[in-house]
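K.L.:
Mind having a look at this structure? Questions to follow.
Right, dumping it as structure tokens:
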């Protein structure tokens, strides 16, 4: 097909997916100490999460309009149209910067088609959305139909996850210091999801990690549409043993074996911390947003 599909580094696109032609991922920077990673140099997933466990506090940077323009321009100059799947506008200003870049490029390349989708997703949820769009394109779907189908699928793409460390949520202003301390002492685990607006919301709070893991399975069981899932993804921030436990439970309870284990990448992991774990899949619907993520 004559169009590219692109997405952001926040998509954590799984290496296990097929290699697709005419597909690119925009890199995003993160900084540990005085060193910037993500563009010219990189840490392995193990190195990144070990740094966090040793006290590192990574910071992340937006994709600027200029960086996006420079990334997309060669694709358009080569005569290709673009369908871009962007990090959720409910979690970042990246989407607005992308819109600014697209408007500039449309004036420079008026003959080219350039569609941009606010994924309202994060991490491998965004990656899974890109995967289905790539499959549709390679099956012969036009860019216009793919854009419309991706919008429909977006609003059924479910993310459920639980962090192990409330202090990273505290850093992002999601919980108060008192709530983070109390939750850690009492082993309270928030059960979170990405809502229909692409923002983080709280669905429950449970006591203990094991109960939190089993709750993730329950959410999948309640929401999943089996026939619409080519695969589901268990995402984790360097807690592979627990990810394998979830994979086994998914097979036992739901009979689903096409499950990929995928690391939460450093851009998202900078905000979730180590040992966060979750599941992404196509479900019946996303839950309506709530006003508060967590009680403070």
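Numbering (our numbering), first residue to last: 124 to 419. Where is the CB? At the ideal position from N, CA and C, for every residue including glycine.
1. Please state whether the Cβ-Cβ distance between residue 204 and residue 126 is less than 8 Å.
2. Under a Cβ-count criterion, where at least 16 other Cβ atoms within 10 Å of its own Cβ denotes burial, should residue 349 be classed as buried or exposed?
3. Would you mind working out which of 341, 396, 392 sits nearest residue 402, comparing C-alpha positions?
4. Use the C-beta contact count for residue 381: other C-beta atoms within 10 angstroms, 16 or more gives buried, fewer gives exposed.
5. Bridge partners of residue 394, per DSSP?
6. Quick one: grab the DSSP three-state call for residue 288.
7. Taking DSSP as the reference, what is the three-state secondary structure of residue 399?
8. Under DSSP, the alpha helix (DSSP H) around residue 273 begins and ends at which residues?
9. Judging by CA-CA distance, which residue of 330, 311, 379 is the nearest neighbour of residue 344?
10. Short check: CB of residue 196 to CB of residue 244, under 8 Å?
11. Would you please state the rounded distance, in angstroms, between the beta carbons of residue 288 and residue 396? I believe it to be under 8 Å.
12. Hey, could you find the ends of the alpha helix (DSSP H) residue 197 is sitting in?
13. Please classify residue 246 as buried or exposed, where buried requires at least 16 other C-beta atoms within 10 Å of its C-beta.
14. Tell me whether the beta-carbon of residue 253 lies closer than 8 Å to the beta-carbon of residue 136.
15. Just the Cα atoms here: how many angstroms apart are residue 419 and residue 326?
16. In three-state terms, what does DSSP make of residue 415?
17. Taking the C-alpha atoms as reference points, what is the distance between residue 248 and residue 282?
18. Is it buried or exposed, residue 263, if we count other Cβ atoms within 10 angstroms and call 16 or more buried?
19. Are the CB atoms of residue 149 and residue 179 within a distance shorter than 8 Å?
20. Check whether the stretch 310-321 touches the stretch 329-336, counting contact only when three or more Cβ pairs, one atom from each stretch, lie closer than 8 Å.
21. For the beta strand (DSSP E) that contains residue 166, what are its first and last residues?
22. Check each candidate in 153, 320, 140 and name the one with the smallest Cα separation from residue 279.
23. Among residues of its own chain, excluding the 5 on either side of residue 408, which ones have a beta-carbon nearer than 7 Å to its beta-carbon?
24. Under the assumption that residue 183 contacts residue 221 (Cβ atoms under 8 Å), give the Cβ distance between them as a whole number of angstroms.
25. For residue 167, count neighbouring Cβ atoms within 10 angstroms of its own Cβ and tell me buried if that reaches 16, exposed if not.
26. Does the beta-carbon distance from residue 241 to residue 211 come in below 8 Å?
27. Report the residue from 398, 304, 290 whose alpha carbon sits nearest the alpha carbon of residue 336.
28. Considering residue 379, what are the terminal residues of the alpha helix (DSSP H) in which it resides?
29. Please state if the CB of residue 356 and the CB of residue 383 are separated by a distance shorter than 8 Å.
P.N.:
Straight from the coordinates:
1. yes
2. exposed
3. 341
4. exposed
5. Note: residue 394 sits in no beta bridge, so no partner.
6. coil
7. coil
8. 266-277
9. 379
10. no
11. 4 Å
12. 188-200
13. buried
14. yes
15. With a pLDDT of 36 at residue 419, under the threshold of 50, the predicted position of this residue should be treated as unreliable, though the coordinate-derived value follows. Cα to Cα, residue 419 sits roughly 15 Å from residue 326.
16. Summary for residue 415: the model assigns pLDDT 45, below 50, so the residue's position carries little reliability, and this model does not support an answer.
17. 6 Å
18. exposed
19. no
20. yes
21. Counting along the chain, residue 166 falls outside any beta strand (DSSP E), and DSSP gives it neither H nor E.
22. 320
23. 279
24. Contact flag wrong, Cβ pair sits at about 16 Å.
25. exposed
26. yes
27. 398
28. First-last for residue 379: undefined, no H or E at that position.
29. yes
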